[in-house]
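Take a look at the structure set out below.
2 protein chains.
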Amino acid sequence: MSRLQREVRKKQPFASLAQEATLNLARTNDRIGIRFERLFREHGLTPSQYNILRILRGEGKPLPILDIASRTVTVVPGITGLIDRLEKAGFVCRRRCTEDRRVIFVEILAKGLQTLNHLDQPVLDLHEEVLGGLTVQDLKELIRLLEKVRERLEE
Amino acid sequence: MSRLQREVRKKQPFASLAQEATLNLARTNDRIGIRFERLFREHGLTPSQYNILRILRGEGKPLPILDIASRTVTVVPGITGLIDRLEKAGFVCRRRCTEDRRVIFVEILAKGLQTLNHLDQPVLDLHEEVLGGLTVQDLKELIRLLEKVRERLEE
DNA sequence: AGCATTTAGTTGACGTGTAAACTATCTCCA
DNA sequence: TGGAGATAGTTTACACGTCAACTAAATGCT
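From first to last, the protein sequence lines stand for chains G and P.
Residue numbering for the first sequence is 413 to 567, as defined by the numbering used here.
Residue numbering for the second sequence is 413 to 567, as defined by the numbering used here.
Right, dumping it as structure tokens:
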């Protein structure tokens with residue numbers, strides 16, 4: 413009986429290897445996500461919010477809202493509230509573009525940058541920790557397999 | 413430049429292999445999830461709802477609400493609304509236990525069973541499809557690696 | 001018996017993801 | 001120049017996950 417089978421208290425073995433792999437993937441991702449969520453929450457951020465701040469810092473200059481959305485999994489309408497909350501908390505601000513009054517730039521503020529800086533090392537550490545069970549060979553193999561899966565999913 | 417790096421339009425290479433693997437995991441899981449979500453939606457179900465129906469069918473008899481919750485990732489309060497919606501849609505019904513009036517059994521109804529039956533083959537097929545890029549060896553390796561990761565996360 | 005504690009489940013508040021409909025602005029072209 | 005269509009972003013409605021606080025019923029201890 414596999415580890416996963418025990419975890420979900422399943423009585424029947426899996427119908428297929430593919431199914432076992434898919435469920436394993438979901439569960440593992442879930443566990444890892446929980447760890448990061450906790451870390452971000454200590455600094456007043458959710459994973460989505462952290463992600464947006466990372467994008468803004470990485471870009472180095474204000475970005476239109478839809479540009480941000482296109483770089484995340486977040487679908488367009490969700491981004492509005494996300495920016496709202498980041499703005500209310502003082503991490504970013506909105507700035508309407510003067511040439512094209514439809515577009516709104518989002519700029520990361522000092523508080524946002526500071527929070528990211530504090531998080532940098534812990535985030536790196538957590539990445540190492542959650543995958544600490546794997547050797548470098550394992551990691552490379554895992555990455556190879558995951559990219560192989562996505563090759564057919566991203567068409 | 414890796415596939416993932418291109419996908420997220422990241423300018424810097426990844427800070428570590430572990431980070432690259434974690435993000436790959438998240439993204440792959442996401443893509444797969446979207447496919448299943450679509451399939452379930454065609455039958456009026458969300459992934460969480462489908463999961464609950466599967467648990468009920470697998471058990472073969474009504475289950476107390478908290479027993480269901482403990483078998484899912486769903487945290488207790490979330491289960492209430494989930495059962496509410498399943499009940500309103502006619503997939504399950506609530507039945508109060510007579511010996512212990514605190515517990516409420518959830519029973520899967522004919523409509524729920526029929527819907528699951530219609531989904532069985534498509535679900536199997538989709539599992540095969542999303543992981544169709546991998547050989548049997550790949551699949552076993554992927555499962556091995558994921559379980560290795562979780563070993564240290566489930567403590 | 002009687003009161004504190006535990007257990008089962010719900011409610012409410014909030015953050016997020018998704019889809020459809022909407023507003024405001026811009027562009028293009030007849 | 002003026003109106004059709006495209007584009008940027010918001011609003012609304014709903015499903016879900018999470019936390020904290022709550023109700024109701026059972027248990028257990030004295």
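By construction, the Cβ of each residue, glycine as well, lies at the ideal position given by its N, Cα and C atoms.
{"query": "Those runs of the alpha helix (DSSP H) which lie wholly inside the segment 443-520 of chain P and span at least 4 residues", "result": "459-471, 477-482, 488-500"}
{"query": "Three-state secondary structure (DSSP) of P:A433", "result": "helix"}
{"query": "Backbone CA spacing between G:V504 and G:V488 [nearest angstrom]", "result": "18 Å"}
{"query": "Contact between the segment 435-443 of chain P and the segment 514-529 of chain P (3+ Cβ pairs under 8 Å)", "result": "no"}
{"query": "Reduced DSSP category for P:H547 - H, G, I as helix; E, B as strand; rest coil", "result": "The question names His, but residue 547 of chain P is Thr in the sequence shown. Of the three classes helix, strand and coil, the one that applies to P:T547 here is coil, per DSSP."}
{"query": "Exposure label - P:M413; buried when at least 16 CB within 10 Å", "result": "The pLDDT assigned to P:M413 is 49, lower than 50, so where the model puts this residue is not dependable; a value taken from the coordinates is nonetheless given after this. P:M413 should be labelled exposed."}
{"query": "The segment 495-514 of chain G contacting the segment 543-555 of chain G, beta-carbon criterion three pairs below 8 Å", "result": "no"}
{"query": "Euclidean distance between Cα positions of P:P476 and P:N436", "result": "37 Å"}
{"query": "P:G524 and P:L478 closer than 7 Å at C-beta", "result": "no"}
{"query": "Assumed close pair G:I555, P:E432 - CB separation to whole angstroms, cut-off 8 Å", "result": "6 Å"}
{"query": "Candidates P:E540, P:P474, P:R564, P:E559: closest to G:L429 by CA position", "result": "P:E540"}
{"query": "Span of the alpha helix (DSSP H) around G:C566", "result": "The sequence given here has Glu at residue 566 of chain G, not Cys. Unbroken run through G:E566: none, as it is neither H nor E."}
{"query": "Listed by chain order, chain G residues near P:Q461 by CB distance under 7 Å", "result": "Per Cβ cutoff of 7 Å: no residues; P:Q461 is ~16 Å from chain G at best."}
{"query": "Rounded Cβ spacing between G:E471 and G:P459 (contact assumed at less than 8 Å)", "result": "Contact doesn't hold; Cβ gap of about 19 Å is too wide."}
{"query": "Residues near G:E559 by beta carbon distance below 6 Å, same chain, minus five either side", "result": "none"}
{"query": "Interface flag, P:G545 vs chain G, CB-CB below 7 Å", "result": "yes"}
{"query": "Proximal chain P residues relative to G:A501, where beta-carbon distance stays under 9 Å", "result": "Residues of chain P passing the Cβ test: none, with the nearest at roughly 24 Å."}
{"query": "Pair within 7 Å by beta-carbon distance, P:I467 and P:I446", "result": "no"}
{"query": "Cutoff 7 Å: P:L554 Cβ touching any chain G Cβ", "result": "yes"}
{"query": "Under 9 Å from the C-beta of G:Q431: neighbouring residues of chain P", "result": "V535, L536, H539, E540, L543"}
{"query": "Neighbour flag for G:E449 against chain P, beta carbons, 7 Å", "result": "no"}
{"query": "Given G:R453 as reference, the closest of G:E566, G:H530, G:L543 once Cα atoms are compared", "result": "G:H530"}
{"query": "Cα-Cα separation between G:T484 and G:N463, rounded to whole angstroms", "result": "8 Å"}
{"query": "Near-chain G residues of the segment 500-530 of chain P (beta-carbon distance less than 9 Å), N- to C-terminal order", "result": "none"}
{"query": "Contacts that G:A438 makes with chain P (C-beta to C-beta distance below 8 Å)", "result": "N441, I444, G445"}
{"query": "Neighbourhood of P:L451 by C-beta, 8 Å cutoff - its chain only, sequence neighbours within 5 removed", "result": "L531, P534, V535, L538"}
{"query": "CB-CB length for P:G544 against G:R513, believed under 8 Å", "result": "Actually they do not touch by this definition, with Cβ atoms about 48 Å apart."}
{"query": "Proximity winner among G:P474, G:T510, G:V561, relative to G:I495 (alpha-carbon distances)", "result": "G:P474"}
{"query": "Short CB-CB distance (under 7 Å) between G:A481 and chain P", "result": "no"}
{"query": "Beta-carbon proximity list for P:F396, same chain, < 6 Å, skipping 5 on both sides", "result": "Shown here, chain P extends from 413 to 567; a query on residue 396 of chain P therefore has no answer."}
{"query": "Where G:A438 falls: helix, strand or coil (DSSP)", "result": "helix"}
{"query": "Beta-carbon separation (whole angstroms), P:V561 vs G:T434, contact threshold 8 Å", "result": "With 8 Å as the limit, P:V561 and G:T434 do not qualify as a contact, their Cβ atoms being about 15 Å apart."}
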